[in-house]
Amino acid sequence: MPGAPPAGLLCELGPDGRALGTPAPVRDLAEAIAKYERSASRTVRWVWSSAAEHYPGLLSAGIRIGRCHDVALAEGLLLGREGRSSEPASLDAAWARLQGAPVPAGPARPEGRSAGGQDPLWADGPGAAAADAETTLGALIAVHADQLARIAADQYPARFALLVAAESAGGLAAAEMTFAGMPWRADVHDGLLAEMLGPRPPAAVAGARAAVPRRLAELAAEVCAALGVRSVNLDSPAQLTRALATAGVRVPSTRFSVLREIDHPAIAPLLEYKELSRLHAAHGWTWLDTWVRQGRFRPDYVVGGVVSGRWASRGGGALQIPKVLRRAVVADPGWALVVADAAQLEPRVLAALAGDHAFAQAAAEGDLYQALAGAFGGDRAKAKVALLSAMYGGAGGEAGQLLAVLRRRFPAASGYVEAAARAGEEGRVVRSVLGRTCPPPSAAWRAATEDPGDPEAGRDPGAGRASRARGRFTRNFVVQASAADWALVLLAAVRRRLAELPVSQAGRWHPHAPHLVFFQHDEILVHCPEAMAPSVAATVAEAAAEAGRAVFGDTPVRFPMTTAVVGCYADAK
DNA sequence: GGTCGGGGCGCG
DNA sequence: AAAGCGCGCCCCGACC
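Per the working numbering, the very first residue in the first sequence carries number 5; after that it's consecutive.
Given below as structure tokens:
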């Protein structure tokens with residue numbers, strides 16, 4: 005019925021996922037959910053097909069939920085562990101697999117907001133009869149029970165269960181962050197653009213290209229004059245390379261790092277042009293018009309969108325916001341931003357992962373690189389290069405020597421990443437600390453690297469390169485993915501603890517309570533009333549300690565957060 | 001008219 | 001000797 009609140013079907017489940025009693029129809033599903041959330045006598049964990057699909061609607065109705073089991077996210081993790089990450093992870097797909105039926109086509113990688121699709125819990129749309137709701141609920145219960153069994157069958161079931169819980173909490177946090185939005189001052193953004201690019205050019209008339217901002221036109225003219233050419237499209241690497249060649253400058257590419265080394269009058273304006281045109285194209289006035297509404301930037305986050313478990317985003321380049329634009333991220337009047345990022349997260353994660361005693365001691369307090377500097381002649385910069393090379397697989401320049409030092413002084417830590425690299429080179433998979441699994445090698449990779457039957461035939465010349473490239477990937481995966489595990493547990497802990505602060509109300513999305521507004525790999529932003537900022541900062545610190553214990557157990561390694569309470573994101577560091 | 005891979009660069 | 005890890009999005013240019 006148009007205008008009626010969505011009805012639905014609820015069913016309580018036992019610890020093993022079996023239905024307790026019969027499904028109960030409710031007239032107003034949102035209200036029924038809120039009522040469960042408010043009930044003090046028990047903690048509810050909602051089982052649903054996906055938060056990305058269902059939660060935005062609940063939030064719009066003013067309802068916040070505490071915990072869930074997100075079937076799609078869980079399925080993604082399980083498929084990954086089973087070496088089937090290319091298969092679709094939706095409830096429909098999982099149900100089809102469980103029944104041995106043809107699996108509906110769908111995106112293999114997780115998606116954010118779904119464009120449509122059936123709503124298994126409150127199926128009241130056209131064509132969704134009550135019978136369909138029952139069928140869908142049955143599928144949901146069966147798939148969930150199957151997932152619980154598959155989780156329990158993991159080599160480390162408790163850790164994998166934590167991963168599924170944290171991923172599910174991430175799904176909730178992502179929807180809440182989109183709902184709340186990141187405070188964004190369009191006037192400040194516009195002012196920054198005008199300062200750097202010149203005033204906003206008039207909108208393009210139909211059919212014509214938009215006018216180029218004044219500063220970009222000036223810089224392009226300077227470059228042309230210095231190169232002695234009439235005109236060149238600086239946005240075309242091919243054209244630019246040719247124009248540089250006519251001026252006697254031969255470059256292998258037009259990358260910033262290549263051009264920077266060249267002594268020619270065209271280079272300075274060219275580098276400035278590249279920097280500003282990038283800002284204009286990616287985060288200029290068009291971006292502002294497209295993505296900022298009523299003082300908020302609301303990107304879609306894609307939980308688990310990166311193989312390592314990091315989030316991706318869709319639209320607005322939410323995870324690539326240029327640092328200069330942080331000036332536009334300003335707390336509402338009377339509110340503050342608590343900006344917290346994990347200090348030197350990845351090397352600390354490696355220390356905890358490897359159980360390298362000497363390394364872990366260095367990661368116990370303070371500046372990790374400084375603590376390791378002693379092993380590198382007291383040079384902190386060398387310690388940092390050595391660590392980054394170990395985690396990324398680089399060995400250029402003096403990194404090779406520094407790696408040798410690292411290997412001698414911290415054998416367990418370097419051994420950990422070396423073993424991961426070997427596994428990757430040999431085509432095996434590796435896992436994060438909580439059990440997120442990297443994708444298996446592609447068929448093309450296997451074909452390129454397999455041993456030829458005839459020893460005289462020799463290997464494909466690209467085989468070594470492909471093998472080493474995968475080694476670098478798995479070497480980095482164990483660290484990056486374990487860091488993502490920690491960050492996800494941190495996010496879940498912050499989210500839960502914020503909801504326990506006095507101002508919050510169970511079951512309600514409270515617009516005046518502190519809320520997460522941004523999460524970028526190892527950094528979080530909380531928007532909160534000014535007076536609450538100190539308790540929010542303390543909450544984040546407690547959550548970080550909790551995440552360390554939950555993910556790594558008993559370790560001397562600490563995971564300190566650098567936390568700032570500011571009115572503007574740009575002032576955080 | 002559209003798609004798609006590459007070059008390039010923003011973030012971690 | 002040469003090369004480092006993971007993304008999203010812009011523009012270009014080849015191609016259908």
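For every residue, glycine included, the Cβ atom is placed at its ideal position computed from N, Cα and C. Note that the structure is a prediction, hence the values are computed from the model and not measured.
Checklist entry - Quick one: what's got a C-beta closer than 7 Å to residue 100's C-beta in the same chain, skipping five residues either side? => result If you number the first sequence from 1, residue 100 lands on position 96. Counting only Cβ-Cβ distances below 7 Å, and skipping sequence neighbours, we find 106, 107, 108.
Checklist entry - Is there at least one non-hydrogen atom of the ligand GDP closer than 6 Å to the beta-carbon of residue 396? => result What this structure holds is no ligand at all, so the ligand GDP is not there to describe.
Item to check | C-beta contact flag for residue 352 and residue 561 at 7 Å | outcome: Stepping through the first sequence from its first residue, residue 352 is reached at position 348. Stepping through the first sequence from its first residue, residue 561 is reached at position 557. Cβ distance < 7 Å, so residue 352 and residue 561 count as in contact.
Next on the checklist: So for residue 238, helix, strand or coil by DSSP?
Outcome noted: On the first sequence, residue 238 is found 234 positions in, with the first residue counted as 1. DSSP places residue 238 in coil when its eight states are reduced to three.
Checklist entry - Does DSSP put residue 436 in a helix, in a strand, or in coil? => result For this step, residue 436 is matched to residue 432 along the first sequence. In this structure, residue 436 counts as coil in the three-state DSSP scheme.
Next on the checklist: Between which two residues does the alpha helix (DSSP H) holding residue 528 run?
Outcome noted: Indexing the first sequence from 1 puts residue 528 at position 524. Per DSSP, residue 528 belongs to no alpha helix (DSSP H); it is in the beta strand (DSSP E), 527 to 533.
Next on the checklist: If the criterion is Cβ atoms closer than 7 Å, does the pair residue 543 and residue 476 meet it?
Outcome noted: If you number the first sequence from 1, residue 543 lands on position 539. If you number the first sequence from 1, residue 476 lands on position 472. The answer is no: Cβ separation not under 7 Å.
Item to check | Which listed residue (400, 576, 138, 186) has its alpha carbon closest to that of residue 300 | outcome: Here residue 300 refers to the residue found at position 296 when the first sequence is read from its first residue. Closest by alpha carbon: 186.
Next on the checklist: Tell me the rounded alpha-carbon separation between residue 247 and residue 295.
Outcome noted: The residue labelled residue 247 in the question sits at position 243 within the first sequence. The residue labelled residue 295 in the question sits at position 291 within the first sequence. Distance between the alpha carbons of residue 247 and residue 295: 36 Å.
Checklist entry - Between the C-alpha atoms of residue 350 and residue 366, what's the straight-line distance to the nearest angstrom? => result Working through the first sequence from its first residue, we reach residue 350 at position 346. Working through the first sequence from its first residue, we reach residue 366 at position 362. For residue 350 and residue 366, the distance between alpha carbons rounds to 14 Å.
Checklist entry - From residue 281 to residue 201, what distance separates their C-alpha atoms? => result Position 277 of the first sequence, counted from the first residue, corresponds to residue 281. Position 197 of the first sequence, counted from the first residue, corresponds to residue 201. Going from the Cα of residue 281 to the Cα of residue 201 covers about 9 Å.
Item to check | Limits of the alpha helix (DSSP H) - the one that residue 556 falls within | outcome: Counting from one through the first sequence, the residue named residue 556 turns up at place 552. 537 to 556 is the span of the alpha helix (DSSP H), which, as asked, contains residue 556.
Item to check | Span of the alpha helix (DSSP H), counted from its first residue to its last, around residue 349 | outcome: Position 345 of the first sequence, counted from the start, is the residue given in the question as residue 349. Residues 349 to 358.
Item to check | Buried versus exposed call for residue 156 [16 or more other C-beta atoms within 10 Å across all chains shown] | outcome: Here the question's residue 156 lines up with position 152 in the first sequence. Exposed, because fewer than 16 other Cβ atoms sit within 10 Å of the Cβ of residue 156.
Item to check | Pick from 289, 91, 154, 278 that is closest to residue 208, judged by C-alpha positions | outcome: Reading the first sequence from its first residue, position 204 is the one you call residue 208. Residue 208 has its Cα closest to that of 289, out of 289, 91, 154, 278.
Next on the checklist: I need the DSSP call for residue 268, collapsed to helix, strand or coil.
Outcome noted: The residue labelled residue 268 in the question sits at position 264 within the first sequence. Coil.
Checklist entry - Which parts of the stretch 278 to 329 are runs of the beta strand (DSSP E), unbroken and 3 residues or longer, counting only runs that do not cross its ends? => result 304 to 306, 316 to 318
Next on the checklist: Once the 5 residues before and after residue 417 are set aside, which same chain residues still bring their CB inside 8 Å of it?
Outcome noted: As a working note, residue 417 is residue 413 in the first sequence. Closer than 8 Å at Cβ, skipping near neighbours: 354, 355, 358, 360, 363, 394, 410.
Checklist entry - Between the C-alpha atoms of residue 572 and residue 274, what's the straight-line distance to the nearest angstrom? => result Looking up residue 572 in the first sequence gives position 568. Looking up residue 274 in the first sequence gives position 270. One C-alpha to the other measures close to 31 Å.
Item to check | Rounded separation between residue 421 and residue 432 - CA only | outcome: For the purposes of this step, residue 421 is taken as residue 417 along the first sequence, with counting starting at 1. For the purposes of this step, residue 432 is taken as residue 428 along the first sequence, with counting starting at 1. So the alpha carbons of these two residues sit roughly 14 Å apart.
Checklist entry - Counting along the chain, where does the alpha helix (DSSP H) carrying residue 490 start and finish? => result Against the first sequence, residue 490 aligns to sequence position 486. Segment 467 to 503, the alpha helix (DSSP H) holding residue 490.
Next on the checklist: Rounding to the nearest angstrom, what Cα-Cα distance links residue 141 and residue 11 in this structure?
Outcome noted: In the first sequence, counting from the first residue as 1, residue 141 sits at position 137. In the first sequence, counting from the first residue as 1, residue 11 sits at position 7. Spanning the two alpha carbons is a distance of roughly 13 Å.
Item to check | Proximity of residue 94 and residue 443 at Cβ, strictly below 7 Å | outcome: Here the question's residue 94 lines up with position 90 in the first sequence. Here the question's residue 443 lines up with position 439 in the first sequence. No.
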